[in-house]
Amino acid sequence: MIGEASKEISDLPLSETFAIKPPDFHGVIPKLLVQQGDEVKAGTPLFFDKANETVKFCSPVSGEVAQILRGDKRRILEIRILADKEIKYVAYERINPVAAGREAVLQSLLQSGVWPFIRQRPFGIIANPNDKPKSIFISAFDTNPLAADMNFIMQNCEEDFQTGLEALKQLTDGKVHLNIKKGVQSSSVFTNAKGIEINTISGPHPSGNVGIQIHHIDPVSKGEVVWCVNPQDVLIIGRLFNKGIFDASRIIALTGSQAVSPKYYKTIVGTSVKHLVEDSGLKDGESRIISGNVLTGKQIDEEGYMNFYDSQITVIPEGRQYEFMGWLMPGLNKLSKSRAFFSWLTPDKTYKLDTNLHGEERPFVLSGQYEQVLPMDIYPVHLLKSILVEDIELMEKLGIYEVVEEDFALCEFVCTSKIESQQIIRRGLELVRRESV
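Just add 2 to the spot in the sequence shown (first one is 1) and you have the numbering used here.
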């Protein structure tokens with residue numbers, strides 16, 4: 003796909019405003035701890051989860067709570083913060099995670115607002131601090147289209163990364179798995195990591211998805227829990243223990259064929275995308291800005307904010323134009339999983355993709371396409387159908403505990419029937435989660 007970020011990091015001035023968006027956190031019912039006009043520091047709690055008051059969500063920057071944006075039924079959509087020019091931090095106790103032990107590490111992560119960076123399988127939600135996972139997974143590479151290169155991003159971060167690993171090791175009696183890509187020169191930050199299990203993974207996308215890795219290394223069964231953390235979030239954990247602050251710095255990649263100058267930016271979680279897009283520049287034509295990648299990301303407007311877990315912005319053309327004799331043309335410039343177009347003759351070609359679906363939703367076609375792009379020992383179409391009829395027992399038998407939306411993203415992309423598989427999977431996960439509470 004055209005639009006890969008060049009290997010340069012732009013150190014732009016920080017955005018004037020930042021936002022934390024409660025809808026980014028599945029299953030969280032927010033209870034506000036601040037009001038509009040309040041002064042906050044980086045690390046000041048903004049809200050907590052009503053279902054578990056120990057899980058706090060903190061401001062990534064210092065400044066003033068500028069706006070609390072609400073939607074239907076007064077649902078909290080965004081908490082916007084007008085940032086100070088120089089960030090002030092809440093000071094937390096600096097502790098050695100190895101000497102401190104599990105309980106001290108747990109409390110430090112919860113109090114500082116760093117805990118939400120740890121997510122769990124099943125359900126793809128924030129980890130429950132009352133659980134003890136059987137293992138913890140970190141995928142050191144991302145195989146999504148135009149994804150940020152973790153080996154480039156993580157340069158010179160050995161100390162914070164190792165400290166983050168030491169903290170995570172205190173949270174489980176099992177192994178911490180760090181998975182690197184076979185055939186690629188991995189960063190020394192990953193290869194020199196100590197005290198953890200390093201696994202080598204091969205294959206195209208979705209081999210970088212942590213869910214695929216868990217399935218093949220330490221699969222999740224009913225009643226079991228596995229936690230997962232992104233590499234840059236391990237750095238945030240490490241900085242908490244090394245510096246005693248909630249430093250939510252993150253390097254993100256601005257990518258896509260509509261970006262004039264796609265590259266990397268050093269910023270902070272929750273940044274506004276406006277100044278990043280303006281710095282890169284947009285090509286002529288209508289564009290779609292996506293927080294995340296083209297397969298799993300969410301559309302935002304030019305005045306919007308990055309989602310909490312994303313490290314990529316993708317800008318691609320909108321696909322509103324009609325195509326003359328669409329399916330009857332040879333399709334040399336169209337990407338296709340089947341041999342419907344002659345483009346199959348050039349498998350290594352890169353494409354300028356837009357948002358055009360080239361069709362509308364229609365009944366399931368049992369084509370075997372899903373199985374070709376989902377390297378898991380499950381029956382994906384049968385699982386989706388069991389969710390549609392809300393048969394929880396059948397969902398469990400078909401592997402609902404092992405998947406989240408991103409695992410079905412390629413299935414959705416290649417689907418002849420244009421089925422929105424990711425939405426269906428999330429519906430099934432929420433149904434099973436509510437029944438298991």
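We treat Cβ as the ideally placed atom computed from N, Cα and C, and that holds for glycine.
All of these numbers come straight from a predicted model, not from anything done at the bench.
With contacts defined as CB atoms closer than 8 Å, P319 and Q260 qualify as a contacting pair. With fewer than 16 other CB atoms across the displayed protein chains lying within 10 angstroms of its CB, P349 is exposed.
Runs of the beta strand (DSSP E) lying entirely within the region 92-128, each at least 3 residues long, are 121-123 in chain order. Rounded to the nearest whole angstrom, the CA to CA distance from P131 to L180 is 21 Å. In the structure shown, the three-state DSSP call for R72 is strand. When secondary structure is reduced to three states using DSSP, V236 falls in the helix class.
Annotation: the continuous beta strand (DSSP E) that includes N54 extends over N54 to C60. With a threshold of 16 other beta carbon atoms within 10 Å, S110 meets it and is buried. Distance from the CA of I81 to the CA of I70, rounded to the nearest whole angstrom, comes to 5 Å. Non-local C-beta neighbours of K339 in its own chain, meaning closer than 6 Å and more than five positions away in sequence, comprise V416, ordered along the chain. Judged by pairs of C-beta atoms under 8 Å, the region 141-152 does not touch the region 169-176, as fewer than three such pairs exist. Judged by DSSP secondary structure, T298 falls outside any beta strand (DSSP E); it is assigned neither H nor E.
Residues of the same chain with a CB within less than 6 Å of the CB of A255, apart from the 5 flanking positions on each side, are A7, A150, Y266 and Q314 in chain order. Residue pairing of K177 in beta bridges, as defined by DSSP: S137. Across the set D409, K354 and G401, the C-alpha of D409 shows the shortest separation from the C-alpha of V375. According to the DSSP assignment, V375 belongs to no beta strand (DSSP E) but to the alpha helix (DSSP H) extending over Q371 to V375. The three-state secondary structure of Q314, taken from DSSP, is strand. When secondary structure is reduced to three states using DSSP, A195 falls in the coil class, being assigned neither helix nor strand. Short of 6 Å from the beta carbon of E160, and not among the five residues preceding or following it, lie these beta carbons of its own chain, in chain order: V191. Between the alpha carbons of I78 and P32 lies a distance of about 8 Å. I253 and D13 have their alpha carbons spaced roughly 10 Å apart. DSSP links A21 through a beta bridge to R82. G29 sits in coil when the DSSP states are folded into three classes, being neither helix nor strand.
The C-alpha of I239 is placed about 8 Å away from the C-alpha of D162.
Below 8 Å, too few C-beta pairs join the region 284-297 and the region 33-51 to call them touching: fewer than three. Between I198 and the set V271, K184 and V178, the nearest pair of CA atoms involves V178.
For G65 against A85, the beta-carbon gap comes to about 4 Å, under 8 Å, which counts as contact. Partner residues in the beta bridge of V67, as assigned by DSSP, are I83. Ranked by Cα distance from I421, the first of S369, E363, T357 and S388 is E363.
Within 10 angstroms of the beta-carbon of D133 lie fewer than 16 other beta-carbons, which makes it exposed. Taking 8 Å as the upper bound for CB-CB distance, V116 and L242 are in contact here, some 5 Å apart.
In this structure H360 is exposed. Its beta-carbon is surrounded by fewer than 16 other beta-carbon atoms within 10 angstroms.
Scanning its chain for C-beta atoms nearer than 6 Å, with the 5 sequence neighbours on each side dropped, one finds around E168 the residues P99 and V100, in chain order.
Residue pairing by DSSP places V228 opposite R123 and S137 in a beta bridge. Between K87 and the set V107, E304 and V63, the nearest pair of CA atoms involves V63.
In this structure, I83 and T19 form a Cβ contact; the two beta carbons are roughly 7 Å apart against a cut-off of 8 Å.
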